[in-house]
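**Q**
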Amino acid sequence: MFTGIVQAVGELRRITSLEGGLRLDIVPGTLDLRDVNTGDSIAINGVCLTVSALTDDMFSVDVSRETLSCTVGLDKQGSSVNLEKAMRLSDRLGGHLVSGHVDDIGEVATFQPDGESYLLAIRAPVSLLKYIAKKGSITVNGVSLTVNAIAGDVFEVNLIPHTLAVTTLNALEAGAKVNLEVDMLARYVERLMDGRQ
């Protein structure tokens with residue numbers, strides 16, 4: 001479980017093909033690995049992955065073909081990635097509860113300055129629209145954000161300077177693909193409502 005508060009930006013240093021997918025070697029940037037062990041979970045661009053190997057300055061994860069088929073941002077060597085270690089029950093929940101199980105891929109419609117912040121508008125797949133609500137939470141490439149508006153299949157979020165400075169969202173542009181995870185509470189509400197019928 002994660003919070004959607006990115007702890008560091010790392011670099012996807014090396015990609016190795018495996019029979020069932022890829023092995024990613026990641027330089028963690030400022031992410032402190034001293035309390036990380038093999039078997040631990042780290043969210044990479046919002047995708048929960050298991051640490052398979054670890055050195056003082058790098059960690060590795062294996063990614064299945066299934067995960068690669070429904071996410072973006074894990075297959076370009078040299079790219080920057082958002083990183084977050086799994087939360088402890090004693091941690092502050094600064095964002096919202098995030099599972100690291102990407103629901104689908106969205107597409108950036110616009111990314112433009114809005115005063116000191118940036119307005120990010122994302123076209124979401126129709127299947128996710130019922131889970132996206134004004135003032136609700138959504139995760140974009142592992143970053144917990146608040147939906148400010150939604151019209152048709154496009155929702156808007158505001159990115160403050162701090163978020164732009166500490167995540168990879170500052171590199172987005174129109175047409176870019178992003179990992180989306182809707183608020184899990186919306187999914188549970190839907191399930192409860194389905195059970196009433």
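Residues in the sequence shown are numbered from 1 upward in steps of one, following the UniProt record's numbering.
For each residue, glycine too, the CB sits at the ideal point set by N, CA and C.
Quick caveat, the model's predicted, so the values are computed rather than measured.
Is it the case that the Cβ atoms of V189 and T167 are separated by a distance below 7 Å?
**A** no
**Q** Contact between the region 72 to 82 and the region 29 to 48: three or more CB pairs below 8 Å?
**A** Contact between the region 72 to 82 and the region 29 to 48 is present: 3 or more CB-CB pairs across the two stretches fall below 8 Å.
**Q** Among K134, L89, A151, which has the Cα closest to the Cα of F2?
**A** L89
**Q** With respect to the beta strand (DSSP E) encompassing E19, which residues constitute its N-terminal and C-terminal limits?
**A** No beta strand (DSSP E) holds E19; DSSP gives it neither H nor E.
**Q** State the start and end residues of the unbroken alpha helix (DSSP H) segment that holds T163.
**A** That run of the alpha helix (DSSP H) goes 161 to 166.
**Q** In this structure, how does DSSP classify D153 when only helix, strand and coil are distinguished?
**A** coil
**Q** Between E66, P113, V147, which lies nearest to V182 when the distance is taken from Cα to Cα?
**A** V147
**Q** With a CB to CB cut of under 7 Å and the five nearest residues on each side skipped, what residues in its chain are close to I5?
**A** E84, G94, G95, S144, listed in sequence order.
**Q** K134 by DSSP, collapsed to three states: which one?
**A** Looking at K134 - three-state DSSP - the assignment turns out to be coil, as it is neither helix nor strand.
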